[in-house]
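A.B. asks: One structure is given below, represented as structure tokens, and several questions about it will come after.
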Amino acid sequence: MGKVRAFLRRKDIVFSPKRYFIDAMSAMAQGLFCTLLVGTILNTLGTQLSIGFLTDIVVSLGKGEGAVSYTIGGLCSAMVGPAMAVAIGRALNAPPMVLFSLIPVGFATNAMGGAGGPLAVLFVAIIASEIGKAVSKETKIDILVTPIVTILCGIGAAALVAAPIGTAASAVGRAIMWATELQPFFMGIIVSVVIGVALTLPISSAAICAALGLTGLAGGAAVAGCCAQMVGFAVMSFRENRWGGLAAQGLGTSMLQMGNIVRNPRIWIPPTLASAITGPVATCLFRLEMNGAAVSSGMGTCGLVGQIGVYTGWLSAVETGTKAAITAMDWVGLVLICFVLPAVLSWLIALPLRKWGWIKENDLKLDL
């Protein structure tokens, strides 16, 4: 047993929930952002602003009726599986040969996993990375052994588990969306608070939403919760962090406050209560839906990705005829839920907490 432990330590193979479900998921979200989300943004900009080089076909694969054509944004989105797998491998400190071998593993796993592809990639990339690390540089023909073992083990694992994981993730996502349609008030609160809290924790709300395929009304509640955390912390900490903090948290991430939350958990009360209010407002009053990419549901105001996702969903609904037009009420609801209500509610809730001494001066201070 001692030799096994020494071998694992030498190979930096650490069986740790933090490494697998915090570090790996956070990295996976970055892979999602740099491919699927950026692709969606580029396609939306190209279509809405009539930017030729963003709407032109740059690559066509195949011939005749079976040909598949890609714009720049389309190519970005198509690479989501490899990007997630490589990002996860990097988070696990995979050596270069293992890291590069994860590219086909990620592509295959995402395709096999269907709607639950991101979650399948998370599990399979972890397996392939750790096996690849175990064999890396253990033979004199490492240049052959490491990639072959990594690829075969990864795609073999994907063949066994990707489809079931995808089916299970889709079932959970559909159950959440069904429950939200059935009970928009209570589920609006639950989804908004849970996904919003996940966004601030050192885990990935975007990866969770992508893995569950969280769209529709539930996706709208998730957007509301994420915005409540980001905008809420940005506004209520303005006196400590000024404009730099407003931008870093409001357009970046509320995860910056995690260290302060550990020191004083009470600072988390205002944005969390705000999310419990904006969630049902989104689901019951404005019927805000996220029908863009599911990953956008967990992004909030980060780079305005959540709002772009809602907007692209509107456009798709108009094109398919399920929505007559984008109305003024749609825009009012989006602005209120994503920006105005989180800012006002969090600020108001924080006032008595500061007065009672629950939140003290510089409790929200960031090292920017």
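So the working numbering is basically just the index in the sequence shown, starting at one, shifted up by 4.
Ideal Cβ positions, reconstructed from N, Cα and C, are used throughout, including at glycine.
(1) Looking at Leu-350: is its Cβ nearer than 8 Å to the Cβ of Pro-275?
(2) Could you tell me the distance, in whole angstroms, from the CA atom of Cys-157 to the CA atom of Ile-130?
(3) Are there three or more Cβ pairs, one per stretch, closer than 8 Å when the stretch 229 to 247 is compared with the stretch 290 to 300?
(4) Identify the continuous beta strand (DSSP E) that holds Tyr-74 and give its terminal residues.
(5) How is Met-294 classed by DSSP in three states: helix, strand or coil?
(6) If I measure Cβ to Cβ from Leu-357 and keep anything under 6 Å in the same chain, skipping five residues before and after, which residues do I get?
(7) Can you list, in chain order, the residues of its chain with a C-beta nearer than 8 Å to that of Ile-61? Leave out the 5 residues immediately preceding and following it.
(8) From Val-201 to Cys-230, what does the alpha carbon distance come to, in whole angstroms?
(9) DSSP state of Val-344, grouped into three classes?
(10) What does DSSP give as the partner residue(s) for Ser-208 in the beta ladder?
(11) Looking at the secondary structure, which residues open and close the beta strand (DSSP E) in which Leu-40 lies?
(12) Buried or exposed: where does Ala-10 fall if 16 or more other Cβ atoms within 10 Å of its Cβ makes it buried?
(13) Quick check on the burial criterion: 16 or more other C-beta atoms within 10 angstroms. Buried or exposed for Lys-359?
(14) Below 8 Å CB to CB, which residues in the same chain sit around Arg-23 once its five sequence neighbours on both sides are set aside?
(15) Based on the DSSP secondary-structure assignment, which residues constitute the bridge partners of Leu-65?
(16) Output the distance between the C-alpha atoms of Gly-118 and Phe-111, rounded to the nearest integer angstrom.
C.D. replies: According to the structure shown:
(1) Per the sequence shown, residue 350 should be read as Ser rather than Leu. Taking 8 Å as the Cβ cut-off, Ser-350 and Pro-275 qualify as a contacting pair.
(2) Those two C-alpha atoms are separated by around 11 Å.
(3) no
(4) Judged by DSSP secondary structure, Tyr-74 falls within the beta strand (DSSP E) whose first and last residues are 72 to 74.
(5) Here DSSP, grouped into helix, strand and coil, assigns Met-294 to strand.
(6) Ile-363
(7) Ser-73, Tyr-74 and Thr-75
(8) 8 Å
(9) helix
(10) For Ser-208, which the question treats as bridged, DSSP gives no partner whatsoever.
(11) Looking at the DSSP string, Leu-40 is not in any beta strand (DSSP E), and its letter there is neither H nor E.
(12) exposed
(13) exposed
(14) Ala-95 and Leu-96
(15) Val-72
(16) Linking Gly-118 to Phe-111 through their CA atoms gives a straight-line distance of about 11 Å.
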